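Protein chains in written order, with the working numbering: chain A, 213 to 366; chain B, 213 to 366.
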DNA sequence: CAACTTCTGGACCTTTATGTCCATAATAGC
DNA sequence: GCTATTATGGACATAAAGGTCCAGAAGTTG
């Protein structure tokens, strides 16, 4: 559905949205269970896409560059793993495989629906809409690993 | 959206659905512009999934194992590149990252929508529903590469 | 300035997806 | 049985995604 990289980016952004102030790469990696070295690459991409602001030195780290309600899932996914659209039949120039058009029309429709759904969800919604109150009250630290959440079954 | 492999499998199946009798691997590869050697692997997967029947020797090749109206896009995609569902928060056992649940709920919803759309489209629909009559009348041979189809813009 | 923290960016490695090649097995026609 | 045809399956090659590591730049504190 989405790449591992996009999944990681989303986790990091959700975490940032829930956190007051800056979070260091190490902190984000620990909480979101993303490999630290790899996360740093992803954060760089998010910074280049102007979704987060980065600050070096003590007290530094990453913060959202905009309000959580102004950042959609689609923004995040596109920053690290751009959704590519089918613009013409992939069967070479003269489209001999023109007979495949109805097929690609379906695929295109499906991907546009996903895109639309992603565009409609903001970070703000994701952190507000907790279906299981216990879940959100879990402290945002690696230690919380010990805390079970029976409702987390999606 | 879907893997290259799934794209290739769909092209091959659409071609088979349009063709009377068996088509050899070479023929399918030429028309669908899929690398021959790679296509043979994919056809093997489709055969194992009982979506096509294979026959060796002269006059042999591949044929649909069921009627075109009984084969959905989802059947084909699942045969070569199974859609994996999110069943629980991917943040390890005790779901410390429980705060990500709303996120994964969205992702899960999106993938289920795609799955549903794919399940509803059959091969029969794909080959009937030609929005551009000219397209479907194009001969199903590599030579047709020379035939342009202006309506093929998806 | 010195020491410490944190991001940056490049080199490199591993795994997975994609793609190639060929010997072999099954089938049909003669 | 012989030959031509066609799928099968394994070995191998290449490309892309995912992941690791570390030197160095930029920032903070004292």
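Heads up, the beta-carbon is just placed ideally off N, CA and C, and yes, glycines get one too. The structure presented is a predicted model; accordingly, all values stated were derived computationally and were not measured.
Exercise for review: Please list the residues of the region 213-230 of chain A that have a C-beta atom closer than 8 Å to any C-beta atom in chain B, keeping them in chain order.
Suggested key: For the region 213-230 of chain A, residues whose beta-carbon sits nearer than 8 Å to a beta-carbon of chain B comprise 213, 214, 219, 222, 223, 226, 227 and 230.
Review point. Closest Cβ-Cβ distance between residue 324 of chain A and chain B: below 8 Å?
Key: False, the Cβ-Cβ gap to chain B never drops below 8 Å.
Practice item. Alpha carbon to alpha carbon, how far is residue 291 of chain B from residue 261 of chain B? Give it in angstroms, no decimals. Key: Rounded to the nearest angstrom, the two C-alpha atoms are 6 Å apart.
Point to revise | Proximal residues of chain B, C-beta to C-beta of residue 329 of chain A below 9 Å | key: Simply 318, 321, 322 and 325.
Practice item. Quick one: list the residues of chain B neighbouring residue 285 of chain A, beta-carbon separation under 7 Å, in chain order. Key: Within chain B, the residues near residue 285 of chain A are 318.
Exercise for review: Name, in chain order, the residues that DSSP records as bridge partners for residue 275 of chain A.
Suggested key: Bridge partners of residue 275 of chain A: A:265.
Check your understanding: Looking at the structure shown, is residue 336 of chain A part of a helix, part of a strand, or coil, going by DSSP?
Key -> Look at residue 336 of chain A here: in three-state DSSP terms it is helix.
Point to revise | Within chain B, partners of residue 333 of chain A - CB distance below 7 Å | key: Result: 318.
Check your understanding: Is the beta carbon of residue 283 of chain A less than 8 Å from the beta carbon of residue 222 of chain A?
Key -> No. Outside cutoff.
Point to revise | Boundaries (first-last residue) of the alpha helix (DSSP H) holding residue 253 of chain A | key: Looking at the DSSP string, the run of the alpha helix (DSSP H) that includes residue 253 of chain A is 248-260.
Exercise for review: Please state whether DSSP places residue 235 of chain B in a helix, a strand or coil.
Suggested key: Assigned with DSSP and collapsed to three states, residue 235 of chain B falls in strand.
Check your understanding: Does the beta-carbon of residue 362 of chain A have 16 or more other beta-carbons within 10 angstroms, so that it is buried, or is it exposed?
Key -> Low confidence applies to residue 362 of chain A: its pLDDT is 26, below 50, so where it sits in the model is not reliable, and the reading given next is rough at best. The residue in question, residue 362 of chain A, is exposed, as its Cβ has fewer than 16 Cβ neighbours within 10 Å.
Exercise for review: Please confirm if residue 338 of chain B has its CB atom under 8 Å from at least one CB of chain A.
Suggested key: Residue 338 of chain B counts as touching chain A.
**Study point:** Under 8 Å by beta carbon: chain B residues contacting residue 251 of chain A
**Key:** Correct list: empty, because the minimum Cβ distance to chain B is about 14 Å.
Review point. Secondary structure at residue 345 of chain B, three-state DSSP: helix, strand or coil?
Key: Legend: pLDDT at residue 345 of chain B = 40, less than 50; position of this residue unreliable, value from coordinates given subsequently. Helix at residue 345 of chain B.
Practice item. Would you decide whether residue 244 of chain B is buried or exposed? Buried here means 16 or more other CB atoms lie within 10 Å of its CB. Key: Counting of Cβ neighbours within 10 angstroms places residue 244 of chain B among the buried residues, the total reaching 16 or more.
Point to revise | Buried versus exposed, by CB contacts within 10 Å (16 or more), residue 219 of chain A | key: Residue environment: residue 219 of chain A is assigned as buried (16 or more neighbouring CB atoms within 10 Å of its CB, all protein chains considered).
Practice item. Give a yes or no on whether 8 Å exceeds the smallest Cβ distance from residue 247 of chain A to chain B. Key: With 8 Å as the cut-off, residue 247 of chain A does not count as an interface residue toward chain B.
Review point. Out of curiosity, what's the CA-to-CA distance linking residue 255 of chain A and residue 239 of chain A?
Key: Approximately 12 Å between the Cα atoms of the pair.
Practice item. Would you verify that the beta carbon of residue 314 of chain A is, or is not, closer than 8 Å to some beta carbon of chain B? Key: Chain B, which has a Cβ nearer than 8 Å to the Cβ of residue 314 of chain A, makes this yes.
Practice item. Could you please give the first and the last residue of the uninterrupted alpha helix (DSSP H) stretch that includes residue 293 of chain B? Key: If you look at residue 293 of chain B, you'll find it isn't in any alpha helix (DSSP H); DSSP assigns it neither H nor E.
Practice item. Verify the CB distance criterion: does residue 345 of chain A have a CB-CB separation below 8 Å to chain B? Key: Residue confidence for residue 345 of chain A is low, a pLDDT of 41 falling below 50, so the modelled location carries little weight; the figure read from the coordinates is stated next. Interface residue (Cβ-Cβ distance to chain B less than 8 Å): residue 345 of chain A is not classified as such.
**Study point:** Rounded distance between the beta-carbons of residue 274 of chain B and residue 235 of chain B, thought under 8 Å
**Key:** That pair is a contact at about 6 Å.
Check your understanding: Can you name the residues that DSSP bridges to residue 284 of chain B?
Key -> In the DSSP secondary-structure assignment, residue 284 of chain B is bridged to B:334.
Check your understanding: Excluding sequence positions up to five away, which residues of its chain have a Cβ less than 7 Å from the Cβ of residue 367 of chain A?
Key -> The first residue shown for chain A is 213 and the last is 366, placing residue 367 of chain A beyond what the model contains.
Review point. CA-CA distance, residue 338 of chain B and residue 271 of chain B?
Key: For residue 338 of chain B and residue 271 of chain B, the gap between their C-alpha atoms comes out near 26 Å.
Practice item. Could you say which of B:332, B:295, B:317 and B:336 lies nearest to residue 285 of chain A if we only look at CA atoms? Key: Each of B:332, B:295, B:317 and B:336 was checked against the Cα of residue 285 of chain A, and the nearest Cα belongs to B:317.
Check your understanding: Since residue 225 of chain A is in the alpha helix (DSSP H), which residue starts that stretch and which ends it?
Key -> Residue 225 of chain A: member of the alpha helix (DSSP H) spanning 216-230, first to last residue.
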